[in-house]
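Data block below; observations after.
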Amino acid sequence: MKYLANDDPKLAELVNKEENRLETTLNLIAAENHSPQSILEIMGSVFNTKTIEGYPGNRFHSGCIQVDKVENLAIKRGKALFKAEHINVQPHSGTSANLAVYFSVLKIGAPILSMSLPHGGHLSHGHPASITSKCFDFSHYKVNPETQRIDYDQVRQMAHYLKPKMIVAGASSYPRLIDYEKMSQIAREVSAFFLVDMAHLAGLVAAKLIPSPVTHADFVTFTCYKTMMGGRGGVILCKDIFKKKIDKAVFPGCQGTSAVNMMAAKALIFKLAKEEKFIWVQKKTLENAKTMARALMEKGYTIISGGTDNHQVLIDLNSKGISGKSAELSLEAVGIILNRNVIPQDDNTPGKVSGIRLGSSAVSARGMGEAQMQKIIELMDMALMNQTKIGIINQVKDQVLELCREFPVNGAVSIMKNQ
Ligand code: DSN
672 MKYLANDDPK
682 LAELVNKEEN
692 RLETTLNLIA
702 AENHSPQSIL
712 EIMGSVFNTK
722 TIEGYPGNRF
732 HSGCIQVDKV
742 ENLAIKRGKA
752 LFKAEHINVQ
762 PHSGTSANLA
772 VYFSVLKIGA
782 PILSMSLPHG
792 GHLSHGHPAS
802 ITSKCFDFSH
812 YKVNPETQRI
822 DYDQVRQMAH
832 YLKPKMIVAG
842 ASSYPRLIDY
852 EKMSQIAREV
862 SAFFLVDMAH
872 LAGLVAAKLI
882 PSPVTHADFV
892 TFTCYKTMMG
902 GRGGVILCKD
912 IFKKKIDKAV
922 FPGCQGTSAV
932 NMMAAKALIF
942 KLAKEEKFIW
952 VQKKTLENAK
962 TMARALMEKG
972 YTIISGGTDN
982 HQVLIDLNSK
992 GISGKSAELS
1002 LEAVGIILNR
1012 NVIPQDDNTP
1022 GKVSGIRLGS
1032 SAVSARGMGE
1042 AQMQKIIELM
1052 DMALMNQTKI
1062 GIINQVKDQV
1072 LELCREFPVN
1082 GAVSIMKNQ
């Protein structure tokens, strides 16, 4: 970062401090991961320069010889990796990708059925605060109050009653797998389009460790920086019959130029995702989430849905008498980074909420395994149960640091390079 240090020492210092923060804390945020160094390199490359409205071979600016090859590479690799009929790699984010899907086949105000945000859904699935809810008429299905899993009978009943034009499956805090076949069957029964947002799960799908929605859905969207371990940005997969509509909805419908450096990072992670080391990290991610869930239950924590089938563990803190916000703050103070999370039937105020969400991706990318997961849960429990006992809190901080030193973030990079 020598040029940055010269042009803006303040920002350079922030980069260094952020690097240090990442090295000295345990990242359990389910929507984050550590990327290979090559991803950071390509994102900071000269591909940042180019403005590229349009698609390869049909641009609105000249000088696209190399960037057309980059986009075509991302297209070729992404289609092969996910076995998709068509792919668009231009969306700036998951929300941009979802917006483009809605606008590709629906009229403004069309009814859409998606998962409620407090039950696991995402802002861009029609939350009142999101532009998506201002453009379309969303209704939301919930999880079953007993099982805390999707109630497919309820989805079917709602679909037949509401006659949505699109059904959305996919979530940002749902620790179980979704039966895509069942959801697509329901969508077909009411002649609705079927969109799966697999932003959280893309890496696990790419590694073929959990079922892919691609054959069942008309559209699949995802981002590349969560389990996928890549750079920022969104992707749309769709059936060939929607190819023209999707491409038009992304550009010029929802976006102008796309970011070539991000498209190059997408091409790169689609290549790395086929390598054994990527698959190894994804396997660890699944195993580690299960280990954390088990260890938490052994310590008396209530786990939403009683376990996990993916990289997430959602904890209901009501029985411990702690709010999600207080847990998030106490854990950040000892170097354990995660987020408070609303849970189904949450009675707490929106700012405090009753849950926390854990993700196993970033610690798995550092090379951690079962013993470290058990240690992390032990440390979490010590911190949460002794919030005012400075001596214990300091002990926890020291042990978190020790674990971080043993498994440096550079380890994430070396896992990708050498394993
Ligand atoms: N959807 C948000 C999350 O899961 O935390 C950010 O991508």
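Using the numbering used here, you'd call the opening residue of the sequence shown number 672 and step up by one each time.
Yeah, the Cβ is synthetic: ideal placement off N, Cα and C, and Gly gets one too.
Here the structure is a predicted model, which means the values were calculated and not measured.
Nearest in C-alpha terms to Asp739, of all of Ala751, Ala755, Gln761, is Gln761. Note that the C-beta distance between Gln983 and His871 is below 9 angstroms. In the DSSP assignment, Ala840 falls within the unbroken beta strand (DSSP E) covering 837-840.
Relative to ligand 1, Lys897 has its C-beta within less than 8 angstroms of a heavy atom.
The beta carbon of Ser929 lies closer than 6 angstroms to those of Gln761 in the same chain, with the five residues before and after it left out. Pairing Asp889 with His793 gives a Cβ-Cβ distance that is not under 9 angstroms.
Shortest Cα-Cα distance from Thr886 to any of Met854, Leu988, Tyr726, Val906 involves Met854. Per DSSP, reduced to three states, the secondary structure at Asn1010 is strand. In its chain, beyond the 5 residues on either side, Leu1050, Ala1054, Ile1064, Val1067, Lys1068, Val1071 have a beta carbon closer than 8 angstroms to the beta carbon of Val1005. Around the CB of Met933, 16 or more other CB atoms lie within 10 Å, so the residue is classed as buried. Counting the other CB atoms within 10 Å of its CB gives Phe949 a total of 16 or more, which places it among the buried residues. By the Cβ rule, the stretch 1012-1023 counts as touching the stretch 984-1003, because three or more pairs are nearer than 8 angstroms. Out of Ser843, Arg847, Val839, the CA that lies nearest to the CA of Ile857 is found in Val839.
Counting the other CB atoms within 10 Å of its CB gives Met1056 a total below 16, which places it among the exposed residues.
Proximity of the beta carbon of Ile1008 to ligand 1 is not indicated: no heavy atom of the ligand is located closer than 8 angstroms.
In the structure shown, Asp1018 adopts coil according to DSSP, grouped into three states.
The set of residues with CB atoms less than 5 angstroms from any heavy atom of ligand 1 reads, in chain order, Ala702, Ser843. Each residue's CA atom was taken as its position, placing Gly978 and Leu675 some 45 angstroms apart. Ser810 is not a Cβ neighbour of Pro789, given a cutoff of 9 angstroms. Leu880: not part of any beta strand (DSSP E); DSSP gives it neither H nor E. By the CB criterion at 9 angstroms, Val921 and Ile912 fall outside the cutoff.
Nearest Cα to Ile1061 within the set Ser1001, His763, Pro799: Ser1001.
Where Arg820 is concerned, there is no enclosing alpha helix (DSSP H), because DSSP gives it neither an H nor an E. Residue nearest to Lys937 within the set Glu689, Pro782, Lys673, Ser764 is Ser764 (criterion: CA-CA distance). Here the alpha carbon of Lys961 sits roughly 9 angstroms from the alpha carbon of Glu1041. In the DSSP annotation of this structure, the continuous segment of the beta strand (DSSP E) that includes Ser810 starts and ends at 808-812. Residue pairing by DSSP places Asp987 opposite Thr973, Gly1026 in a beta bridge. Remark: C-beta atoms of Asn704 and Met963 do not approach each other more closely than 9 angstroms.
The continuous beta strand (DSSP E) containing Asn759 extends over residues 757-759.
Contact between Phe731 and Gly725 holds, since their C-beta atoms are separated by about 5 angstroms, short of 8 angstroms. Straight through space, the alpha carbons of Ser716 and Val931 are spaced by roughly 10 angstroms. With a 10 Å radius around the Cβ and a threshold of 16 neighbouring Cβ atoms, Asn769 comes out buried. Rounded to the nearest whole angstrom, the C-alpha separation of Pro1015 and Gln819 is 7 angstroms.
For Gly780, no alpha helix (DSSP H) segment is defined, and its DSSP state is neither H nor E.
Of the candidates Tyr773, Gln737, Ile713, the residue whose Cα lies closest to the Cα of Phe865 is Tyr773.
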